[in-house]
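Residue numbers (the working numbering): 3 to 75. We put the CB at the ideal spot given by N, CA and C, even for glycine. Note that the coordinates shown come from a computational prediction; the quantities given were computed from them, not determined experimentally. Single-structure report; data block below.
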């Protein structure tokens with residue numbers, strides 16, 4: 003399994019980190035993923051795991067949103 007790579011923050015250049023949470027859903031095992039800059043706090047929207055969806059897919063969705071840049075074609 004390959005590690006998900008995150009680009010630096012597009013605003014301050016700070017290091018990004020994948021964060022996880024279970025707001026009100028821990029008993030159901032539903033996880034939420036978000037990528038956030040450690041320096042300025044900029045973040046993606048929250049990606050929520052659908053029933054029976056692998057956690058890795060949710061992390062990949064958050065990483066894809068974070069790594070997308072306006073200059074990308």
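query, result
"Pick out whichever of 49, 54 and 42 has its Cα sitting closest to the Cα of residue 67.", "49"
"Mapping DSSP to helix, strand and coil, what is residue 63?", "helix"
"Residue 46 to residue 54, Cα distance in whole Å?", "23 angstroms"
"Looking at the strands, I want to know which residues DSSP matches up with residue 50.", "34"
"Taking 9 angstroms as the cut-off, decide whether the C-beta atoms of residue 23 and residue 33 are in contact.", "yes"
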